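Q: Residue numbers for the sequence shown follow full-length UniProt numbering, so the first one is 1 and each next one is one higher.
Where a beta carbon is used, it is the ideal one built from N, C-alpha and C, also for glycine.
These numbers come from a predicted model, not from an experiment.
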Amino acid sequence: MSSVSIAAALRECKLDRLEAQLLLGHVLGVDRVWLLTHDDEVLSDERRLQFESLVDRRNAGEPIAYILGAREFMGLEFEVNPSVLIPRPDTEILVELGLSFLHEHSRSHSRSRSREPARPARVLDLGTGSGVIAISIARYCDSCEVYATDVSDAALHTAARNAQKHGVAVQFYAGSWWEALPPEIGAFDLVLSNPPYIRADDKHLGCGDVRYEPLSALVGGNDGVNAYRDIVSRSREFMRSGAMLAFEHGWDQGEVVREIMRRGHCHKIETHRDLAGHDRVTCGVIT
Numbered sequence: 001m002s003s004v005s006i007a008a009a010l011r012e013c014k015l016d017r018l019e020a021q022l023l024l025g026h027v028l029g030v031d032r033v034w035l036l037t038h039d040d041e042v043l044s045d046e047r048r049l050q051f052e053s054l055v056d057r058r059n060a061g062e063p064i065a066y067i068l069g070a071r072e073f074m075g076l077e078f079e080v081n082p083s084v085l086i087p088r089p090d091t092e093i094l095v096e097l098g099l100s101f102l103h104e105h106s107r108s109h110s111r112s113r114s115r116e117p118a119r120p121a122r123v124l125d126l127g128t129g130s131g132v133i134a135i136s137i138a139r140y141c142d143s144c145e146v147y148a149t150d151v152s153d154a155a156l157h158t159a160a161r162n163a164q165k166h167g168v169a170v171q172f173y174a175g176s177w178w179e180a181l182p183p184e185i186g187a188f189d190l191v192l193s194n195p196p197y198i199r200a201d202d203k204h205l206g207c208g209d210v211r212y213e214p215l216s217a218l219v220g221g222n223d224g225v226n227a228y229r230d231i232v233s234r235s236r237e238f239m240r241s242g243a244m245l246a247f248e249h250g251w252d253q254g255e256v257v258r259e260i261m262r263r264g265h266c267h268k269i270e271t272h273r274d275l276a277g278h279d280r281v282t283c284g285v286i287t
């Protein structure tokens, strides 16, 4: 096998340059800066074959996050694999909204001048997947207790590893939505969820990275909103009056999610848009 430099390997692989750098950096255990400053170095045959194997997988359509086994979210690196969805930047809107609510929750207690010690806010992530929502909340909010559920055991194992990696305490429960929780769990101050919201007949299920992701975490029934109905219908059983319920949803689902929440005894309902200007996160307060 003829010798090939780092620069030549990146040039000849016919991938987007950033993706090529990420894959080669993964093989060599180095970052992009190192690659740029050592691009005249020659790859060993073993490393070249490893790189070409990853390139072939990417060219076949496999998501680069699954190939690398990791994705960044909220400034943190998370393990991802085919048992969980790949975290998207839009979901950071949901987390930031939750953190803002928790900050105000803490300030409200301070303004009340209560002599009672501040009670930790109790947060629940329904359908946690890789755990990015729950773990980010726990990582950036010291004064809260965080719980999370998922119907997939494989997803929960991934989330638990991510929680351990980031040194945060999250209590995980297996099961579907509220049914995963034990009767004595108590009431929550904040519930967040990025549930399955793609319609079963959506043509996009056969496109791009979505082809490789778990269908159970993507498809929300014939109209895409089954999970919102299920979660909202029992929210008052598990949430305090004045607690916030917040969802991520599809770009065209803001109106229907708002209506589901109105019928479910939520008020102060607001929808927040993503960077593309589409409805993406809707929240409301439990009456």
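Quick one: which unbroken alpha helix (DSSP H) runs of 4-plus residues sit fully inside the UniProt domain "Methyltransferase small" (121–201)? Chain order, please.
A: Qualifying alpha helix (DSSP H) stretches, in chain order: 132–140 and 153–165.
Q: How would you write the range of the alpha helix (DSSP H) that residue 261 sits in, first residue to last?
A: Run containing residue 261: 254–263, per the alpha helix (DSSP H) assignment.
Q: Below 8 Å CB to CB, which residues in the same chain sit around residue 222 once its five sequence neighbours on both sides are set aside?
A: 199, 200 and 201.
Q: Indicate the three-state DSSP secondary structure (helix, strand or coil) for residue 64 in the structure shown.
A: Correct three-state label for residue 64: helix.
Q: Please classify residue 176 as buried or exposed, where buried requires at least 16 other C-beta atoms within 10 Å of its C-beta.
A: Exposed, by the Cβ-count rule.
Q: Hey, could you find the ends of the alpha helix (DSSP H) residue 12 is sitting in?
A: Segment 6–12, the alpha helix (DSSP H) holding residue 12.
Q: Which first and last residues belong to the alpha helix (DSSP H) in which residue 86 is found?
A: No alpha helix (DSSP H) contains residue 86, which DSSP labels as neither H nor E.
Q: Thinking C-alpha only, which one of 258, 85 and 121 is nearest residue 98?
A: Residue 98 has its Cα closest to that of 121, out of 258, 85 and 121.
Q: Can you tell me whether DSSP reads residue 240 as helix, strand or coil?
A: Three-state DSSP puts residue 240 in a strand.
Q: What is the DSSP secondary structure of residue 37, counted as helix, strand or coil?
A: Residue 37: helix per DSSP, three-state reduction.
Q: Let's see if you can read the secondary structure: which residues bound the alpha helix (DSSP H) around residue 26?
A: From DSSP, the alpha helix (DSSP H) with residue 26 extends over 17–28.
Q: Have a look at residue 240 and residue 72 and give me their C-alpha separation to the nearest angstrom.
A: Those two C-alpha atoms are separated by around 33 Å.
Q: Taking residue 229 as the reference, which of 247, 218, 76 and 80 has the closest Cα?
A: Ranking 247, 218, 76 and 80 by Cα distance to residue 229 puts 247 first.
Q: Is DSSP giving residue 284 helix, strand or coil here?
A: Of the three classes helix, strand and coil, the one that applies to residue 284 here is strand, per DSSP.
Q: Determine which residues share a DSSP beta bridge with residue 119 and list them.
A: Answer is none; residue 119 lacks a bridge partner.
Q: Mapping the DSSP letters down to three states, classify residue 273 as helix, strand or coil.
A: In the structure shown, residue 273 sits in a strand (DSSP, three-state: E or B).
Q: So, under 8 Å CB-CB, residue 163 and residue 131 are touching, yes? Tell me the CB distance rounded to an integer number of Å.
A: Indeed, because the Cβ distance is near 6 Å, the residues count as touching under 8 Å.
Q: Name the DSSP bridge partner or partners of residue 52?
A: In the DSSP output, where bridge partners are listed per residue, residue 52 has none listed.
Q: From residue 9 to residue 51, what does the alpha carbon distance come to, in whole angstroms?
A: One C-alpha to the other measures close to 9 Å.
Q: Using the C-alpha atoms, what's the distance from residue 59 back to residue 180?
A: Rounded to whole angstroms, residue 180 to residue 59 spans 39 Å at the Cα level.
Q: Let me check one thing: in DSSP terms, what residues is residue 278 bridge-paired to?
A: Paired residues: none, contrary to the question.
Q: Going by C-alpha distance, which of 15, 255 and 127 is nearest residue 174?
A: The residue with the shortest Cα to Cα distance from residue 174 is 127.
Q: With DSSP run on the structure shown, which of helix, strand or coil describes residue 57?
A: DSSP places residue 57 in helix when its eight states are reduced to three.
Q: Could you tell me the distance, in whole angstroms, from the CA atom of residue 279 to the CA atom of residue 54?
A: Going by the C-alpha atoms only, they are around 36 Å apart.
Q: By a C-beta neighbour count over all protein chains shown, 10 Å radius and 16 as the cutoff for buried, is residue 275 buried or exposed?
A: The residue is exposed, with fewer than 16 neighbouring Cβ atoms inside 10 Å.
Q: Can you tell which of 193, 210, 217 and 62 has its C-alpha closest to the C-alpha of residue 232?
A: Taking only the C-alpha atoms, the option nearest residue 232 is 193.
Q: Assuming the contact rule is C-beta atoms closer than 8 Å, residue 39 and residue 6 should be a hit. Round their C-beta distance to whole Å, please.
A: That belief holds up - the Cβ atoms of residue 39 and residue 6 are roughly 5 Å apart, short of 8 Å.
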